[in-house]
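The working numbering puts the first residue of the sequence shown at 9, with every later residue one more than the last.
All C-beta atoms in this analysis are idealised placements derived from N, C-alpha and C, irrespective of residue type, glycine included.
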Amino acid sequence: MSERTKKLLLVGGFILSVFVIAFLLYRLFFQAAPPEPTVEDQVEISTGILPSAIEADLRARQEAQREAASGRLEGSDDVARGGITQTTELTTGAVYHVVIGADGTSMNYYNASDGRFYTIDKDGNVVALSDTQFPDAETVAWNKDSNKALVEFPDGSNIIYNFDTQKQVTLPAHWKDFDFSPVSDEVIAKSIALDPNNRWLVVTSDDGSKTTSIQALGEHEDSVQVNWSPNNQVVAFADTSDAIQGGVDRNVIYPVGKNKENFKGLVVEGLGFDSLWSPNGKQLLYSVAGSYSSNKPLLWIVDATSATMGDNRQSLGLYTWVDKCTWSSASVVYCAVPLELPANAGLQRSLYENEPDALYKLNLSTGTSTLIAIPTEETSMNNLQVSDDESVIYFTNTSGQLELMRLK
């Protein structure tokens with residue numbers, strides 16, 4: 009081997025070793041480590057005992073739209089039997105603050121155009137409950153017999169009006185968010201003083217006497233929902249938005265006892281908690297929206313007596329707000345369910361208040377959820393009220409008019 013060849017080999021070996029060393033240094037110090045696999049935390053949510061029938065909703069609505077477009081509505085029924093169902097408009101204009109009347113068949117309502125309260129039966133016969141006018145009534149709470157109304161006005165004044173005696177009682181202007189006791193002639197309210205240290209939940213008799221403070225509110229009055237239970241145990245719920253382990257949407261709602269009891273908190277899967285008591289006070293129907301439901305409002309049912317608070321929590325599989333539901337008995341609920349709700353509807357309700365609804369019947373004893381009617385005319389269904397004999401259901405439509413649908 010010549011000297012020239014040896015030199016070439018040495019130079020080539022040196023250059024090769026430089027590249028090898030540089031590659032090893034790069035791998036050791038500069039190359040990014042492969043990303044670690046991510047594991048998403050999952051919250052297992054029970055789908056409950058009642059199946060969802062949203063696809064059936066959509067198919068029925070599409071068929072209804074095709075029939076309406078072709079003018080073929082002869083298939084509509086005058087009684088709710090699961091298909092397209094006729095409804096009857098009882099008022100020509102919008103009505104407010106509706107409630108089933110004392111006779112269990114008529115409806116009481118407020119007419120904002122003249123400031124009076126009326127009652128109307130299923131045949132459309134209207135009678136004024138009083139000649140007294142209540143201009144610009146802002147909120148109205150009815151007692152259990154629907155013969156007394158607690159009216160709040162925009163200027164802060166508050167009155168209880170007795171339609172039987174035609175007399176009224178004035179309550180303090182710094183009280184708000186009222187509710188009648190379901191078992192006695194008492195009223196609960198938030199007493200909002202200027203000093204947060206003097207803000208309380210108070211209970212008073214409906215003549216304004218014998219006022220008792222039951223729970224300090226401080227600066228958290230907006231987190232408390234007044235909601236008196238039919239069994240007289242719970243008077244409100246405190247939504248502190250305290251997140252707990254088990255899911256990013258999981259929070260605790262604390263029941264407030266009338267006698268300052270310390271009830272177990274209710275674990276809910278989401279935000280926007282709102283609730284509706286069963287007639288016997290043993291269960292609580294509520295809606296919340298969370299990431300697991302694409303932030304659409306989902307109905308839940310839970311036991312809610314002092315001994316069973318939080319037990320047997322079940323998702324009902326229906327996407328709607330609880331104030332679009334009404335109990336007709338201790339085990340039967342009717343709900344208006346929007347036919348279509350996009351993701352995040354539970355966070356932006358005002359955008360979807362006029363979505364057309366279908367009517368469902370939930371039987372909690374048998375565990376069935378049944379689509380019973382789709383109104384002939386597309387409309388939202390709000391303020392549902394069922395007659396005592398369960399023959400008709402009343403609701404206000406998209407325009408605020410009072411309508412009825414026959415159930416049998």
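Checklist entry - In chain order, what residues of the same chain lie with their CB nearer than 6 Å to the CB of G408, ignoring the 5 residues before and after it? => result A102
Checklist entry - Helix, strand or coil for Y300 per DSSP? => result helix
Item to check | Simplified DSSP assignment, three categories, for C343 | outcome: strand
Checklist entry - According to the Cβ coordinates, are N240 and V191 closer than 8 Å? => result yes
Next on the checklist: Taking the beta carbon of H105 as the centre, do at least 16 other beta carbons fall within 10 Å, making it buried, or is it exposed?
Outcome noted: buried
Checklist entry - Going by other Cβ atoms of all chains shown within 10 Å of its Cβ, with 16 needed for buried, is T212 buried or exposed? => result buried
Checklist entry - How would you write the range of the beta strand (DSSP E) that G91 sits in, first residue to last? => result G91 to T93
Item to check | 3 or more residues per run - each beta strand (DSSP E) lying fully within the region 213 to 242 | outcome: 220 to 224 and 232 to 234
Checklist entry - Can you tell which of A136, E348, L372 and T404 has the C-alpha that lies nearest to the C-alpha of M389? => result T404
Item to check | Range of the contiguous beta strand (DSSP E) that encloses I401 | outcome: V400 to T404
Checklist entry - Are the Cβ atoms of G91 and D396 separated by less than 8 Å? => result no
Next on the checklist: Distance check for N235 and Y117, CA to CA, integer angstroms please.
Outcome noted: 21 Å
Item to check | Assigned secondary structure, D331 (DSSP; H/G/I helix, E/B strand, else coil) | outcome: helix
Next on the checklist: Check whether the region 169 to 179 and the region 132 to 142 are in contact - that is, three or more C-beta pairs closer than 8 Å.
Outcome noted: yes
Item to check | C-alpha gap between F186 and L158, whole angstroms | outcome: 7 Å
Item to check | Neighbour-count burial assignment, R207, 16 or more Cβ in a 10 Å radius | outcome: buried
Checklist entry - For S165, which residues from the same chain have a beta carbon less than 8 Å from its beta carbon, with the 5 sequence-adjacent residues on both sides left out? => result T178 and A181
Item to check | Candidates A197, G375 and Y360, of which the one nearest I309 by Cα | outcome: G375
Checklist entry - Relative to the C-alpha of S399, which residue among S114, A224, T220 and L372 is closest? => result S114
Item to check | Buried/exposed call for Q393, threshold 16 Cβ in 10 Å | outcome: buried
Next on the checklist: With distance defined between alpha-carbon atoms, name the residue in V275, G318 and P238 nearest to P287.
Outcome noted: P238
Checklist entry - Does DSSP classify L355 as helix, strand or coil? => result helix
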